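S.K.:
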Amino acid sequence: MPVNPGPEYVQAEKRYLQAQTLEERIIATEDMIRAAPKHKSSENLLALLRTRLKKFLEKKEKNKKVGKTTQKTVRKEGYQIVLLGFPNVGKSSLLSVLTNARPSISPVPFTTNQPELGTFYYQGVKAQVVDLPAIGAETFDIGIVNTADCILIVINNLEEIDKISPILARSYGRRLYAYTKSDLLSQDEFRRLQEKIRSKKIPAVLVSNITNHGLDELRHKILEGMNMMRIYTKEPGKLPSQIPLVIANGLTVKDAAEKIAKGFSLKIKETRITGPSSKFPNQRVGLSHILKDKDIVEFHTV
Ligand SMILES: Nc1nc2c(ncn2[C@@H]2O[C@H](COP(=O)(O)OP(=O)(O)OP(=O)(O)O)[C@@H](O)[C@H]2O)c(=O)[nH]1
Ligand SMILES: [Mg+2]
């Protein structure tokens, strides 16, 4: 970040972050270079901007020759979570601790240059996680952010929230913030930050990809936002299934049966429920009974 950037720089940076095309990025970067403060402490920033501009211009040349851009496409599978954030905040590290994926992780900004996929699996519920190139990367594509079910915004600083929100104008997914690198905070800083998050009701979790602190809370929040319930089916005289049927909140016994197999609800003679939606164990209910998360459902068929 520049030291005391002027309003022109701030404006140019804003245009840069909102840029949708390579051309817009080039123009905004040029504006940022022009507007950046020219003193000793901003030398690094200027060097970074010039390198970025050079890369963009090279890319433009290459695109001209090839005639189009290359972008890996991601196929949406079930509930989709995208990891969005500035360079180096720990998006890929978070992907690696939340899922089975092993992406490249490095202190060099813009390490991720293509979307990386992983599968989040928690308490019987699955979701697809997409780690995106950082905001500002030439391969950053807002399209997937707009269509995702959940946008997990990775930050190292609360100020990043306001910078990112304009980018989300066309998105509809639920927003959740993962404040990473919390292991680098002092106990005092950690406590103050936690308090601020609570008092301002920011949907953020302080996490560390190194010590794993906060990850369970984050997983839990992700799961909560999915609005799904886990229904354990059971055959009479047997133990409940280990793997739940995962269905949307608010569905009925009939809906659950139809999820198992089309037409299955017609074969049901009796349904018994043990769990949050039952008044007592083995309660007999009708097909229109509304289920709750963690119910155990026993179907008796004809
Ligand atoms: N101390 C600490 N370091 C972290 C944490 N998460 C990530 N890092 C480090 O931060 C650097 C960047 O991590 P990445 O996961 O590559 O960050 P990224 O957001 O994917 O970066 P880009 O792909 O370049 O946008 C690496 O050196 C990580 O080891 C964390 O929770 N605590
Ligand atoms: Mg990365």
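Each residue of the sequence shown is one higher than the last, beginning at 1 in the numbering used here. All residues carry an ideal CB built from backbone N, CA and C; glycine is no exception. The model shown is predicted, which means the values in this text are computed figures rather than measured ones.
Any contact of the stretch 110 to 130 with the stretch 155 to 174, i.e. 3+ C-beta pairs under 8 Å?
M.R.: Contact fails: fewer than three Cβ-Cβ distances are below 8 Å.
S.K.: Over the uninterrupted beta strand (DSSP E) stretch that includes residue 131, give me the two end residues.
M.R.: Numbered from its first residue, the sequence shown carries residue 131 at position 131. First-last of the beta strand (DSSP E) with residue 131: 125 to 131.
S.K.: How big is the Cα-Cα spacing for residue 87 and residue 179?
M.R.: On the sequence shown, residue 87 is found 87 positions in, with the first residue counted as 1. On the sequence shown, residue 179 is found 179 positions in, with the first residue counted as 1. Cα-Cα distance, rounded: 14 Å.
S.K.: What does the Cβ neighbour count give for residue 169, buried or exposed, with the cut at 16 atoms within 10 Å?
M.R.: In the sequence shown, counting from the first residue as 1, residue 169 sits at position 169. Residue 169 comes out exposed.
S.K.: Could you tell me if residue 220 is buried or exposed, where buried requires 16 or more neighbouring beta carbons within 10 angstroms of its beta carbon?
M.R.: By 1-based counting over the sequence shown, the position of residue 220 is 220. Label assigned to residue 220: exposed.
S.K.: So what does DSSP say about residue 179, is it helix, strand or coil?
M.R.: The count along the sequence shown starts at 1 and reaches residue 179 at position 179. Strand, per DSSP.
S.K.: Would you identify the three-state DSSP class for residue 70, choosing helix, strand or coil?
M.R.: Here the question's residue 70 lines up with position 70 in the sequence shown. Its pLDDT being 48, under 50, residue 70 is placed unreliably by the model, and the measurement read from it follows with that caveat. Residue 70: coil per DSSP, three-state reduction.
S.K.: Here's the rule: buried if 16 or more other CB atoms are within 10 angstroms of the residue's CB, otherwise exposed. What is residue 295?
M.R.: The sequence position of residue 295 within the sequence shown is 295, counting from 1. Looking at its Cβ environment, which holds 16 or more other Cβ atoms inside 10 Å, residue 295 is buried.
S.K.: Is there at least one non-hydrogen atom of ligand 2 closer than 7 Å to the beta-carbon of residue 131?
M.R.: For the purposes of this step, residue 131 is taken as residue 131 along the sequence shown, with counting starting at 1. For ligand 2, at least one heavy atom lies less than 7 Å from the Cβ of residue 131.
S.K.: Residue 119: beta carbon under 7 Å from a heavy atom of ligand 1?
M.R.: Position 119 of the sequence shown, counting from 1, holds the residue named residue 119. Flag unset: Cβ of residue 119 not near ligand 1.
S.K.: Exposed or buried, which one is residue 201 when buried takes at least 16 other CB atoms within 10 Å?
M.R.: The count along the sequence shown starts at 1 and reaches residue 201 at position 201. Answer is exposed; the Cβ neighbour count stays below 16.
S.K.: For ligand 2, is there any heavy atom lying closer than 7 Å to the beta carbon of residue 103?
M.R.: Here residue 103 refers to the residue found at position 103 when the sequence shown is read from its first residue. Yes, the beta carbon of residue 103 sits closer than 7 Å to at least one heavy atom of ligand 2.
S.K.: Between residue 58 and residue 32, is the Cβ-Cβ spacing less than 8 Å?
M.R.: Walking along the sequence shown from the start, residue 58 turns up at place 58. Walking along the sequence shown from the start, residue 32 turns up at place 32. Taking 8 Å as the Cβ cut-off, residue 58 and residue 32 do not qualify as a contacting pair.
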